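**Q** After the structure tokens below, expect a handful of questions from me.
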């Protein structure tokens, strides 16, 4: 049976580019989004005040639709929402989206037809009515991604804390500054959102305390005011000196060691992290390629710590108590509002346990071939599970990979070979340890699968390794695939 009808779950960055790519290839597309607006993590109700991108805005753009030149170097959440809406409108995706559409179940069709039956719950906010609607699709692409389900610790005493007027939020729920105005605020975590919210809260709250278990390296936007950090983090250069690339392009280990030690010294001097006790225990080169353990420093973050405006506690919350929290180090902390920047957990609640256990394990790993398909779940693809710092571009290349897979232009291993690849890939991974690898590797791997050159600067190795990644360098990918497929047909 020919695949025509495609259902896409999620209208975030990944869902939008997936819908656009499938529409380009002639498929009939329907997108389900449970929020009131598009954008995923950038949707208005999920963004905290003064949120900006962590890296230059062009990294968040798609290859064939650059961000407006009027945008600042680090666009705000509102800029990103406007950009995504403009993108969706330009490519005909906007009118394919059904908002307030909560997908509650995806199961095999029962009418002896291949494909999927999707049960969607709509709620009329004006009348308070709930309506369940069934849809049928030949193929499903799950684009709810890794940032859809907030991860919150289960701690004793939380209900009593709330009953006494306390407020507990995940960072994605903090979208109103009045919640912290004049309050005693505790922020948990040391990642992007935690640092941003804590730095923002010091001037709005009565007092703010940052609670964390360990510190990580944070980079200023400009190293010593001389060059932008993207030349280190967003180029192949970091892999070049780290040794995560091909041995052909590695530099001698002593030079690599010297580079990272010099960078550490620069960061310690520029950010003055030693003076406020924020120097990470682990060397920067052990973390630079590991699931984005390197963060961009919020403006004035360390300055607020040194001045005492932002208090810090290197511990964790043991339990809630009325009017505050009890810390694991035995201290008590008064707090009216506790905000957890504790990340997200992977979850696909609308799939039956039979399928969920095939693709998600208890370590939080995604068990799929190329993180996109599973041989025992036919006619279903996943996009947005590859992660990495180049999310928009990764999603775009992944969407192209899926369409080529559906059209039969992509050679994939047999079922048994796929399962062996999945097993060998994930059996060696410890989620609690850093496995250094190139941030470019997932993109390069998919493009190599597609049969085109992953290196976008040809033989210009200086540009290839020293310039930050530029999504526009991938804008001809569709045409390259057409040319390749035409050549194959005429052989």
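Residue numbers (this note's numbering): 282 to 772. Every residue gets a Cβ at the ideal spot worked out from N, C-alpha and C, and that includes glycine. Just so we're clear, the structure is a prediction, and the values are computed from it rather than from any experiment.
Can you give me the Cβ contacts of residue 310 inside the same chain, cut-off strictly under 7 Å, excluding the 5 residues immediately before and after it?
**A** Closer than 7 Å at Cβ, skipping near neighbours: 287, 289, 300, 303, 304 and 377.
**Q** Could you name each continuous alpha helix (DSSP H) segment of 4 residues or more that falls completely within the stretch 615–676, going from the start of the chain to the end?
**A** List check, alpha helix (DSSP H) in window: 634–640.
**Q** Could you check if residue 696 is buried or exposed, using at least 16 other CB atoms within 10 Å of its CB as the buried criterion?
**A** Burial call: exposed.
**Q** For residue 487, count neighbouring C-beta atoms within 10 Å of its own C-beta (all shown protein chains included) and say buried if the count is 16 or more, exposed if not.
**A** Exposed, because fewer than 16 other Cβ atoms sit within 10 Å of the Cβ of residue 487.
**Q** By the 10 Å Cβ neighbour count, where 16 or more other Cβ atoms means buried, how is residue 704 classified, buried or exposed?
**A** Looking at its Cβ environment, which holds fewer than 16 other Cβ atoms inside 10 Å, residue 704 is exposed.
**Q** Give me the Cα-Cα distance between residue 545 and residue 532, rounded to the nearest whole angstrom.
**A** Taking the straight line from one Cα to the other gives about 19 Å.
**Q** For residue 503, count the other beta carbons within 10 Å of its own beta carbon; 16 or more makes it buried, fewer makes it exposed. Which is it?
**A** By the neighbour-count rule (16 or more Cβ atoms within 10 Å), residue 503 is not buried but exposed.
**Q** Taking the C-alpha atoms as reference points, what is the distance between residue 499 and residue 435?
**A** Spanning the two alpha carbons is a distance of roughly 28 Å.
**Q** Going by Cα to Cα distance, which pick from 673, 635 and 471 is closest to residue 624?
**A** Nearest C-alpha to residue 624: 471.
**Q** For residue 425 and residue 360, I'd like the C-alpha separation in whole angstroms.
**A** Their Cα atoms are separated by approximately 22 Å.
**Q** Here's a check: name, in chain order, each residue in its chain whose Cβ is nearer than 6 Å to the Cβ of residue 549, leaving out the five neighbours to either side.
**A** Around residue 549: 555.
**Q** I'd like the list of long-range same chain contacts for residue 607, defined as Cβ closer than 6 Å, with 5 residues on each side in sequence excluded.
**A** Counting only Cβ-Cβ distances below 6 Å, and skipping sequence neighbours, we find 599, 600 and 613.
**Q** Buried or exposed: residue 771, going by 16 or more other Cβ atoms within 10 Å of its Cβ?
**A** Residue 771 should be labelled exposed.
**Q** Please say whether residue 727 and residue 676 have beta carbons closer to each other than 8 Å?
**A** In this structure, residue 727 does not lie closer than 8 Å to residue 676 by Cβ.
**Q** Give the straight-line distance between the Cα atoms of residue 312 and residue 429, rounded to the nearest whole angstrom.
**A** Roughly 16 Å separates the two Cα atoms.
**Q** What does the alpha-carbon distance come out to for the pair residue 632 and residue 418?
**A** Those two C-alpha atoms are separated by around 15 Å.
**Q** Decide if residue 740 is buried, meaning its Cβ has at least 16 other Cβ atoms within 10 Å, or exposed.
**A** It counts as exposed.
**Q** How long is the line joining the alpha carbons of residue 292 and residue 557, rounded to whole angstroms?
**A** For residue 292 and residue 557, the distance between alpha carbons rounds to 42 Å.
**Q** Since residue 485 contacts residue 461 with CB under 8 Å, what's their CB separation in whole angstroms?
**A** Going by Cβ atoms, the distance from residue 485 to residue 461 rounds to 5 Å, so yes, they are a contact pair.
**Q** Short check: CB of residue 294 to CB of residue 338, under 8 Å?
**A** No; because the gap between Cβ atoms is not below 8 Å, this pair is not in contact.
**Q** Out of 465, 446, 441 and 474, state which residue places its alpha-carbon closest to the alpha-carbon of residue 452.
**A** With distances taken between Cα atoms, residue 452 lies closest to 474.
**Q** On the premise that residue 469 lies in contact with residue 622, defined as a C-beta separation below 8 Å, what is that separation, rounded to the nearest angstrom?
**A** That pair is a contact at about 6 Å.
**Q** Nearest-angstrom Cα distance between residue 457 and residue 370?
**A** Each residue's alpha carbon lies about 29 Å from the other.
**Q** Beta carbon of residue 551, beta carbon of residue 630: below 8 Å?
**A** No, the Cβ-Cβ distance between residue 551 and residue 630 is not below 8 Å.
**Q** Mind checking which residues open and close the alpha helix (DSSP H) that includes residue 729?
**A** Segment 722–731, the alpha helix (DSSP H) holding residue 729.
**Q** By DSSP, does residue 383 sit in helix, in strand, or in coil?
**A** Three-state DSSP puts residue 383 in a strand.
**Q** Just to confirm my understanding: we take residue 324, look at its own chain, exclude 5 residues before and 5 after, and list those with CB closer than 6 Å. What are they?
**A** Cβ within range, chain order: 316 and 318.
**Q** Can you give the Cα-Cα distance for residue 522 and residue 375, rounded to whole angstroms?
**A** Rounded to the nearest angstrom, the two C-alpha atoms are 43 Å apart.
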